[in-house]
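Below you'll find the structure, written out as structure tokens, and then a few comments.
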Amino acid sequence: KTLFLGIGCCGGKQAKEFITTYGYKGYAANGSEQDLKALGNIPKYHLTGFDGFGGHRDKALDCLTENDEFLEQINNIKEEIIFILFGGGGSTGSGYGTILSEMLSQANTGKIVCPVISLPLADEPIIKHTNAYQAVQELQDIEGLGATFFINNDSGKDYICINSTFAKFLDTFLSNDSYGELNNFDESERLEMLRDGGAMVLSL
467 KTLFLGIGCC
477 GGKQAKEFIT
487 TYGYKGYAAN
497 GSEQDLKALG
507 NIPKYHLTGF
517 DGFGGHRDKA
527 LDCLTENDEF
537 LEQINNIKEE
547 IIFILFGGGG
557 STGSGYGTIL
567 SEMLSQANTG
577 KIVCPVISLP
587 LADEPIIKHT
597 NAYQAVQELQ
607 DIEGLGATFF
617 INNDSGKDYI
627 CINSTFAKFL
637 DTFLSNDSYG
647 ELNNFDESER
657 LEMLRDGGAM
667 VLSL
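First residue of the sequence shown? That's 467 in my numbering, and the numbers climb one at a time after it.
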């Protein structure tokens with residue numbers, strides 16, 4: 467029932483973690499062939515005509531209109547829960563991430579759409595922070611959007627470790643079937659938590 471859609475360089479690496487380590491369905495989408503090649507053999511989609519957006523996230527809409535096959539692939543997603551992973555500072559991820567989140571959450575299909583946005587480091591250029599701020603503002607305005615996850619890259623600056631830790635936490639949440647005398651965590655509760663809008667926090 468779950469699909470991981472990684473947009474841009476950052477989102478692609480995160481999606482790869484879920485696909486290769488935990489066996490989830492998913493794929494990466496990017497305009498850069500080099501970025502896609504670095505992901506190995508996971509399913510991927512090359513956004514033609516745009517080798518990155520050069521910091522201009524508004525180009526995402528133009529790119530979408532020129533990639534009809536990708537748009538059709540998005541509209542034909544069958545899974546019930548969709549995680550859209552992207553870097554908030556990158557123009558491809560932050561531009562596409564909000565558009566796809568809105569498209570999928572307002573398609574009246576009952577799907578649960580959960581953005582996963584990686585925040586830029588404190589010392590990164592101001593354009594990265596501007597992109598992330600604008601993306602978060604747009605996500606807040608989307609009706610029917612599910613839980614949003616924020617990844618703080620300043621927590622350790624080791625992207626591989628941060629991504630693998632998040633993947634482990636989220637997989638544990640998605641696959642948890644624990645029960646006990648005091649309380650049980652059933653599937654309907656899990657879906658309701660993902661369906662509820664706002665920031666969702668995973669902690670140990």
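Don't be surprised by glycine CBs; every beta carbon is placed ideally from N, CA and C.
Note that the structure is predicted; figures quoted are calculated from it, not measured.
Give me the Cα-Cα distance between residue 568 and residue 487, rounded to the nearest whole angstrom. 28 Å
Does the beta-carbon distance from residue 627 to residue 559 come in below 8 Å? no
DSSP three-state call for residue 602: helix, strand or coil? helix
Here's the rule: buried if 16 or more other CB atoms are within 10 angstroms of the residue's CB, otherwise exposed. What is residue 582? buried
Under the DSSP definition of a beta bridge, which residues are partnered with residue 584? 553 and 617
By DSSP, does residue 453 sit in helix, in strand, or in coil? Past the boundaries of the shown model lies residue 453; the chain is included only from 467 to 670, so the question cannot be answered.
Can you determine whether any heavy atom of the ligand MG sits closer than 7 Å to the C-beta of residue 589, and answer yes or no? Ligands are entirely absent from the displayed structure, and the ligand MG is therefore not among its contents.
Can you list, in chain order, the residues of its chain with a C-beta nearer than 6 Å to that of residue 505? Leave out the 5 residues immediately preceding and following it. 478, 482 and 494
Using the three-state DSSP reduction, which class does residue 514 fall into: helix, strand or coil? coil
Length-filtered (4 minimum) alpha helix (DSSP H) runs lying within the segment 637-670: 653-661
To which residues of the same chain is residue 469 closer than 8 Å at the C-beta, ignoring the five residues directly before and after it? 490, 491, 492, 543, 545, 547, 548 and 549
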